[in-house]
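**Q** The numbering of the sequence shown is this note's numbering, which starts it at 31 and goes up by one.
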Amino acid sequence: MNAVKLTETIAVAGQISLEQVPQIAAAGYKVLVNNRPDGEEAGQPGSAQFAAAALAAGLDYYHLPVTALDFPGAGVTQMARLFDDESRPLFAFCRSGTRCTNLWVATRSGDARRQAAERARSLGYDLGMAARVAP
31 MNAVKLTETI AVAGQISLEQ VPQIAAAGYK VLVNNRPDGE EAGQPGSAQF
81 AAAALAAGLD YYHLPVTALD FPGAGVTQMA RLFDDESRPL FAFCRSGTRC
131 TNLWVATRSG DARRQAAERA RSLGYDLGMA ARVAP
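1) Since residue 35 contacts residue 43 with CB under 8 angstroms, what's their CB separation in whole angstroms?
2) Check whether the segment 82-89 and the segment 138-147 touch, using three or more Cβ-Cβ pairs below 8 angstroms as the test.
3) Excluding the five sequence neighbours on either side, which residues of its own chain have a C-beta within less than 7 angstroms of the C-beta of residue 137, listed in chain order?
4) Residues in its own chain within less than 6 angstroms of residue 101 by CB, not counting five upstream and five downstream?
5) Measure the C-alpha to C-alpha separation of residue 54 and residue 80 and round it to an integer number of angstroms.
6) Between which two residues does the beta strand (DSSP E) harbouring residue 62 extend?
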């Protein structure tokens with residue numbers, strides 16, 4: 031698993047396996063967010079499977095799917111609240127980590143958005159989706 035720490039309490043990754051969910055909990059994360067729509071790619075575990083694995087590992091689980099076409103998606107307000115809750119470290123995944131990172135940037139405002147964008151770019155993320163969302 032190639033997790034990238036955006037902040038001390040937020041990490042993102044590309045597609046994870048069900049077997050990696052306990053490792054995420056063991057690393058201290060409290061929230062697992064799946065930003066992939068079910069069936070986006072053949073062989074990808076479904077949200078119900080991740081929900082069960084998260085429950086077994088003691089993680090809160092959220093399925094907030096978003097694509098490049100519907101970015102930032104219907105769950106953007108909830109995603110912002112989850113990102114903002116530093117008391118519950120968050121691990122989010124999508125196909126590559128890019129959508130999750132764009133969501134993080136898009137849900138910031140003012141100086142925090144500028145700093146988030148700088149951090150994301152320094153990690154090599156394309157922020158084309160976040161750029162379409164007004165600050």
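All residues carry an ideal CB built from backbone N, CA and C; glycine is no exception. Please read all numbers here as calculations on a predicted model, not as lab measurements.
**A** Inspection of the coordinates gives the following:
1) One-based indexing of the sequence shown puts residue 35 at position 5. One-based indexing of the sequence shown puts residue 43 at position 13. About 10 angstroms separates the two Cβ atoms, so there is no contact after all.
2) Contact fails: fewer than three Cβ-Cβ distances are below 8 angstroms.
3) Sequence index remark: in the sequence shown, residue 137 carries index 107 (1-based). For residue 137, where only same-chain residues beyond five positions count, the Cβ hits under 7 angstroms are 106, 109, 110, 113.
4) Here residue 101 is taken as the residue at index 71 of the sequence shown, counted from 1. Result list for residue 101: 159, in chain order.
5) Residue mapping note: residue 54 aligns to position 24 of the sequence shown, counting from 1. Residue mapping note: residue 80 aligns to position 50 of the sequence shown, counting from 1. Residue 54 and residue 80 have their alpha carbons spaced roughly 12 angstroms apart.
6) As a position in the sequence shown, residue 62 is number 32, starting the count at 1. In the DSSP assignment, residue 62 falls within the unbroken beta strand (DSSP E) covering 61-64.
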